[in-house]
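**Student:** Can you read through this structure? Questions will come right after.
Number of protein chains: 4
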Amino acid sequence: MIRFNCDYSEGAHEKILQRLVETNMEQTPGYGEDVHCDRARKLIKEACNAPEADVHFLVGGTQTNLTVIAAALRPHQGVIAADSGHINVHETGSIEACGHKVLTLPTSDGKITAKQVDECYNAHINDESFEHMVQPKMVYISNPTELGTIYSKDELEELSKVCKNNGLYLFMDGARLGYGLASTANTLSLEDIARLCDVFYIGGTKVGALFGEAVVITNNMLKPDFRYLIKQKGGMLAKGRLLGIQFEVLFENNLYMEISEYAAKLADELRDAFAKAGYSFLVDSPTNQIFVIMPDKKLDELRAKYSFSYQQRIDENHSAVRFCTSWATRREDVEALIKDI
Amino acid sequence: MIRFNCDYSEGAHEKILQRLVETNMEQTPGYGEDVHCDRARKLIKEACNAPEADVHFLVGGTQTNLTVIAAALRPHQGVIAADSGHINVHETGSIEACGHKVLTLPTSDGKITAKQVDECYNAHINDESFEHMVQPKMVYISNPTELGTIYSKDELEELSKVCKNNGLYLFMDGARLGYGLASTANTLSLEDIARLCDVFYIGGTKVGALFGEAVVITNNMLKPDFRYLIKQKGGMLAKGRLLGIQFEVLFENNLYMEISEYAAKLADELRDAFAKAGYSFLVDSPTNQIFVIMPDKKLDELRAKYSFSYQQRIDENHSAVRFCTSWATRREDVEALIKDI
Amino acid sequence: MIRFNCDYSEGAHEKILQRLVETNMEQTPGYGEDVHCDRARKLIKEACNAPEADVHFLVGGTQTNLTVIAAALRPHQGVIAADSGHINVHETGSIEACGHKVLTLPTSDGKITAKQVDECYNAHINDESFEHMVQPKMVYISNPTELGTIYSKDELEELSKVCKNNGLYLFMDGARLGYGLASTANTLSLEDIARLCDVFYIGGTKVGALFGEAVVITNNMLKPDFRYLIKQKGGMLAKGRLLGIQFEVLFENNLYMEISEYAAKLADELRDAFAKAGYSFLVDSPTNQIFVIMPDKKLDELRAKYSFSYQQRIDENHSAVRFCTSWATRREDVEALIKDI
Amino acid sequence: MIRFNCDYSEGAHEKILQRLVETNMEQTPGYGEDVHCDRARKLIKEACNAPEADVHFLVGGTQTNLTVIAAALRPHQGVIAADSGHINVHETGSIEACGHKVLTLPTSDGKITAKQVDECYNAHINDESFEHMVQPKMVYISNPTELGTIYSKDELEELSKVCKNNGLYLFMDGARLGYGLASTANTLSLEDIARLCDVFYIGGTKVGALFGEAVVITNNMLKPDFRYLIKQKGGMLAKGRLLGIQFEVLFENNLYMEISEYAAKLADELRDAFAKAGYSFLVDSPTNQIFVIMPDKKLDELRAKYSFSYQQRIDENHSAVRFCTSWATRREDVEALIKDI
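Below, the structure written as structure tokens:
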């Protein structure tokens, strides 16, 4: 069985494992206050051209999302998100468990627009019952989105502007950020993101690390006491250096982008093959996630050899499914799949 | 200015005030453990033909909703509601502040169907990522709804059946229950409601009382330790007898239904007048709330003399607004308004 | 049975009831935005000489405490309180239910000292594991305390100073504030309290009202969006004018102090009678709560005629019990009790 | 600088690293549903002789504590713990952030007694204001405690009995469980613990793993939907197999006990050396944590070469400090330290 169902089926990039082995018996202070974390923070701030940013390392995506949002909001405030947003659908109500409503916007491609945000904000604030409604205070976007789409630089500029105008924090979930930046359709740089977002994270779990996400906070309002929140929410790793070491490796020789580009390229080849074979797509995603629509019969056939994830029924005989590539995908597996399409 | 904007513009029915005056210097134990609360509980259980029910008195609607829901759910569980449901829109995220997601269903008339509930439940439970999603465990309905509509006995039977089949608690917000029961379109009795819901409340604030809601719990699973929750959430009135006295008066000589019928009748007259004058309605509501669509010019004219609440824009020149009657509405005010329509 | 067990056994002062009757059919806007609330706010700000303060009305004490604390703190912050503090012992964990730890200080008389606060703060902040501990951000005191004692002006000045130095908010629970201000031992004025605390409340429930507490916020940091919190926590009364009317009456002709002094005087007489009869006290409380130590036999005797509350066992044959007076206590009842001592 | 300050200064046992390298490119399902987690679960259940237990893997201790407690308690329920308990002091209020009060018992050695638990329970339940207080529902103990002490089999039997009698869940935090089981003073087996506790965890982070704790749930009441809670609280590792692999290695050839015994032996040698040198101890701890009292001058001298953690001031010239050994401590470092004492 060859797994294309997600981008976290394997362990870590070999260079990361190797570094973990090399540093294993070093004695370091705990909780992210070691030299590896320090160096990783420095490398990430350089990559973002954000010398004043605060960088923190957390273990996983849900944990990161809930910690960032809990740290930013007062009890009566909520976070605006696409209805398909990960925090709205697939985190078991973690944001609500921290006390906050997710205010959803409809979307078909996983993205939300500046106009939608502005309207949502105004509908909540300029109503006579405004105090009876949740106060929007943050906008959550994923880039790439859960549907593999990405925001253009123009789109992010507009979102950022609307947020600033309305006093909203802009938070980007970058669980798959590398695969977005590596897309041939991408127009954003890490520097743009650091400039336009108030806080975002660079995903490691799905991009070469065993686990780990690097939160970058550029808005000074969001910086105070963030480590208290990490600890309270259970995200402060005792051996914090494990996270530092992994992000050191990912950011010291451009490895993060290199392996992302590898996955993006394989995804492009696979996407082309689907298109050439006459299949259409649920959504036009230019990153490592491909949402292809295929006849159920064909899918059954493929299931004998490949694992992929079910997305939704399209009609009586067709379904949309998701194929993912990643840093770990083997070229020969993609080639085999292309042949079998 | 004559206020038709809501059903809580005045104090309490004169009989309630009178009883409060008469009992004022009685010395009673606090926190709902007095003879008045006991008697009110007895009267309500009789009215519901639910001798085994637990009855509790709380001060207001939001407080009641959040207390009932917090008492019923585990942290990963959520409550299904209409997207127009009061807990979803107008309680400042109180349910989320207790840690629970409101899972919304689309509706145009404020009501949700058994089919919608069933589909929502199955979509959450029969998915391979089910543990990554909130687990539906309760269904919240309002009767009358926020749009003045009511559930028929058949509809409530079906909802109840789907809930039982799926292990969901059915909770009815009865903030305006009297006005629903008093509607000429109504097919439900208090007894039906007690039989079909696991928990519901009988609203006092909008139906003759100064304030107060009577929660009726019929499902044994929801009974244990409910008073702890009332206290923790700030809803346990020190002088609990104030609530007992009010519900005693409301339920001792059928006053609750009598004053509800009075309001329903005035609403019917007003509704007929709007219809006769050629206006259409946003929603066909048979209770004390009337959502009429009128030209903005006409509305401006009426605003000089009457207060009503703005609902939504219909087109460039028309808006939907809400007129409410209540136990306190003066017949002459309705007559004046009818003339001015 | 004559009840001395608490100070909320009766309804409201007759002037309040009378005003409720007089205003009953007035039509007012809801949620505290009516003329009665406005006037009550004005009267209270005048009484406190705090023209810039925000004044809000809530229904009860637990609700007020949890709303104020939830509004003030970020998730990792806690509130320092006496271990006997109401929020620590008798509110069913309402503060923790809002996510915050109560950091307790030992006390034998219900009061905490500036020195204790300073030490507690420093122990949490100047530790190498400071981020692993809750961050103290608020100090909660009750005045009178749960043991009937009161803070002197000097003590409150010192507490206030330590709080300001350490960036802590000082919050006074004034559920029985009238009885404290009316004590012959009192050295504080409402004006002092408004100047020295960041937020406090003036209790109505135990001092003449049917129910209701008036929160006074003097620190600008605590003002924004407070009404959102009131709504979310279930404390925003639909017919808010009920609270406004009550506080209008209490503050329009010095009624609040007048009835408090009445209760204080009766307590003094009762206290003297206990002392004269040779009984000692658990704590030297100069307000309406008397904690007297008596032989169990004598207590059994008194129980036939009087209700009082059990505090704690002292030795094999003696217990401490609490007798309360209030605005509603009848002079003849006190005289009867004095005779029976 | 040689670090004796804690037991999480290094990475992982070499066998664990080696296995991670060997399995790195295996493709497995995520979220703990892989073959490695399955096998680790099996090995742990065998080691505990608890075939019916549920075993879950989480990343860290705070996360595990908050997830277990949030899963077990209703909103009005609290957890009893030693005042020195980790959840009470060093988890930034994580339990309160989940809504629950920690009810503390005084202790000088980190342990609590069955008698204390019984008294605490009864004080909360058999009081006339019981509904105004938090309801105790769980007892949290650490074994070894934060002060390095351990519970005897008799003590745990008694605690378990009191808990069962009072309907309380008994939860053991086993962050350092290996070092407790390996103590020469120990009388408990994993099997005893599984039999006597309702839920406990076997710590990996401090005992040979990179990170990870294995929760063992034996009480059926605590089993339903636990994975939902893990996900919601951010503890469900995408690459769950990382945890499975580590616990497989730790439990497949008795490695867990072997490395724990190694650390325990080194601690014994160090403890003996301190005693021989005439130093006394803050607490008589028979595990890998040694709390020794030394002159400040001597400590300054040692600080030049060794890192250890400061516990508390004893008198003007003496302090208590903590030295830890672990699976990773080098014998030569202990020997050097012994010489320098």
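Chains as they are written, first to last, in the working numbering: chain A, 1 to 341; chain B, 1001 to 1341; chain C, 2001 to 2341; chain D, 3001 to 3341. Where is the CB? At the ideal position from N, CA and C, for every residue including glycine. These figures come from a predicted structure and were not determined experimentally.
1. Determine the contact status of T3325 (chain D) and A3238 (chain D), defining contact as a CB-CB distance below 9 Å.
2. Please report the Cβ distance between A3072 (chain D) and Y3151 (chain D), rounded to the nearest whole angstrom; I am assuming they are in contact, meaning their Cβ atoms lie under 8 Å.
3. Since L147 (chain A) and A114 (chain A) should fall inside the 8 Å C-beta cutoff, what is the C-beta to C-beta distance between them, to a whole number of angstroms?
4. Just grab the DSSP bridge partners of H3056 (chain D) for me.
5. Quick one: list the residues of chain F neighbouring A2238 (chain C), beta-carbon separation under 7 Å, in chain order.
6. Output needed for A1175 (chain B): all residues of its chain with C-beta closer than 8 Å, excluding positions within five of it in sequence on either side, in chain order.
7. Is the Cβ of M2001 (chain C) closer than 9 Å to any Cβ of chain D?
8. According to the Cβ coordinates, are A2182 (chain C) and E2261 (chain C) closer than 9 Å?
9. Taking a cut of 9 Å between CB atoms, which residues from the segment 1056-1078 of chain B lie near chain A?
10. Give me, in chain order, the residues of the same chain whose beta-carbon lies closer than 7 Å to that of P2106 (chain C); leave out the 5 immediate sequence neighbours on both sides.
11. Would you give the residue range spanned by the alpha helix (DSSP H) that C980 (chain B) belongs to?
12. Given that T2133 (chain C) touches chain D, what residues does it touch there, using C-beta distances under 7 Å?
13. For the pair the segment 3243-3255 of chain D and the segment 3033-3045 of chain D, tell me if three or more CB-CB distances fall below 8 Å.
14. Opposite Q1063 (chain B) in the DSSP bridges: which residues?
15. So what does DSSP say about G2352 (chain C), is it helix, strand or coil?
16. At a CB-CB cut-off below 8 Å, which residues of chain A make contact with R2227 (chain C)?
17. Just to make sure I have the definition right: I need the residues of chain B whose C-beta is within less than 9 Å of the C-beta of H318 (chain A). Which are they?
18. Is the shortest distance between the beta-carbon of K2305 (chain C) and the beta-carbons of chain B less than 9 Å?
19. Measure from the alpha carbon of F1251 (chain B) to the alpha carbon of each residue in B:H1013, B:G1234, B:I1002, then state which is nearest.
20. Would you say L2020 (chain C) and L2210 (chain C) are within 9 Å of each other, going by their C-beta atoms?
21. How about A70 (chain A) and K233 (chain A): do their beta carbons lie closer than 9 Å?
22. Would a check of beta-carbon distances place I2314 (chain C) closer than 9 Å to chain D?
23. Work out the CA separation of L2103 (chain C) and L1343 (chain B) for me, nearest whole Å.
24. Against chain A, which members of the segment 2092-2111 of chain C pass a CB distance test of less than 9 Å?
25. For K1153 (chain B), I'd like the list of residues in its chain whose CB is within less than 7 Å of its CB, leaving aside the five on either flank, ordered along the chain.
26. DSSP puts D1173 (chain B) in a beta bridge; with which residues?
27. Is the CB of E3128 (chain D) under 9 Å away from at least one CB in chain C?
28. Between which two residues does the beta strand (DSSP E) carrying R1322 (chain B) extend?
29. Exposed or buried, G1167 (chain B), counting other C-beta atoms within 10 Å across all chains shown (16 or more means buried)?
30. Less than 7 Å between C-beta atoms, sequence neighbours within five positions excluded: which residues of the same chain meet that for G3030 (chain D)?
31. Using a Cβ-Cβ distance cut-off of 9 Å, determine whether Y3169 (chain D) contacts chain B.
32. Per DSSP, P3136 (chain D) is paired with what?
33. Spatial neighbours of H3124 (chain D) within its chain, please: C-beta separation below 6 Å, excluding the five flanking residues on both sides.
34. Helix, strand or coil: how does DSSP classify Q3116 (chain D) here?
35. Below 9 Å on C-beta distance, what does F308 (chain A) contact in chain D?
36. Using a beta-carbon distance below 9 Å, is Q232 (chain A) in contact with chain C?
**Tutor:** Answer, in terms of the structure:
1. Result no, Cβ atoms of T3325 (chain D) and A3238 (chain D) do not sit closer than 9 Å.
2. A Cβ-Cβ separation of about 20 Å leaves A3072 (chain D) out of contact with Y3151 (chain D) under the 8 Å criterion.
3. Contact between L147 (chain A) and A114 (chain A) is absent: CB atoms are separated by about 19 Å, not below the 8 Å threshold.
4. Assignment of beta-bridge partners to H3056 (chain D) by DSSP yields D:V3215.
5. In summary, chain F is missing from the structure at hand, where the protein chains are A, B, C and D.
6. Excluding residues within five positions, the ones whose Cβ falls inside 8 Å are G1061, H1086, S1142, Y1201, G1203, T1205, K1206, E1213.
7. Chain D contact via Cβ: absent.
8. For A2182 (chain C) and E2261 (chain C), yes; Cβs fall inside 9 Å.
9. For the segment 1056-1078 of chain B, which is checked against every Cβ of chain A, the residues closer than 9 Å are T1062, P1075, H1076, Q1077, G1078.
10. The beta carbon of P2106 (chain C) sits closer than 7 Å to the beta carbons of D2083 from its chain, once the five residues preceding and following it are set aside; these are given in chain order.
11. Residue 980 (chain B) cannot be examined here, being either before or after the span of chain B that is shown, 1001 to 1341.
12. In the sequence under discussion, the amino acid at residue 2133 (chain C) is Met, which differs from the Thr named in the question. Ordered by position in chain D, the residues that pass the 7 Å Cβ test against M2133 (chain C) are V3089, H3090, T3092.
13. Yes, the segment 3243-3255 of chain D touches the segment 3033-3045 of chain D.
14. DSSP lists no bridge partner for Q1063 (chain B).
15. This structure cannot speak to residue 2352 (chain C), because chain C is shown only from 2001 to 2341.
16. Neighbours of R2227 (chain C) on chain A, chain order: E131.
17. Ordered by position in chain B, no residue passes the 9 Å Cβ test against H318 (chain A), which lies about 19 Å from the chain.
18. Answer no: the Cβ-Cβ gap between K2305 (chain C) and chain B never drops below 9 Å.
19. Minimum Cα distance to F1251 (chain B) is reached at B:H1013.
20. Contact flag set, yes.
21. Against a cut-off of 9 Å, the Cβ pair of K233 (chain A) and A70 (chain A) comes out as a contact.
22. No, its Cβ sits nowhere closer than 9 Å to a Cβ of chain D.
23. Absent from the structure is residue 1343 (chain B), since the part of chain B shown begins at 1001 and ends at 1341.
24. Listed in sequence order: C2098, G2099.
25. Taken in chain order, the residues that qualify are T1187, L1188, D1192.
26. Paired residue(s): B:S1142.
27. Interface annotation, E3128 (chain D): in contact with chain C, CB-CB separation under 9 Å.
28. Annotation: the continuous beta strand (DSSP E) that includes R1322 (chain B) extends over 1318-1324.
29. In this structure G1167 (chain B) is exposed. Its beta-carbon is surrounded by fewer than 16 other beta-carbon atoms within 10 angstroms.
30. Within the same chain, G3030 (chain D) has close Cβ partners A3238, K3239, G3240.
31. No, Y3169 (chain D) does not count as interfacial toward chain B.
32. DSSP output for P3136 (chain D) lists D:G3078 as bridge partner(s).
33. For H3124 (chain D), where only same-chain residues beyond five positions count, the Cβ hits under 6 Å are M3133, P3136.
34. Looking at Q3116 (chain D) - three-state DSSP - the assignment turns out to be helix.
35. Going along chain D, no residue has its Cβ under 9 Å from F308 (chain A), so there is no contact; the nearest lies around 13 Å.
36. Yes, Q232 (chain A) counts as interfacial toward chain C.
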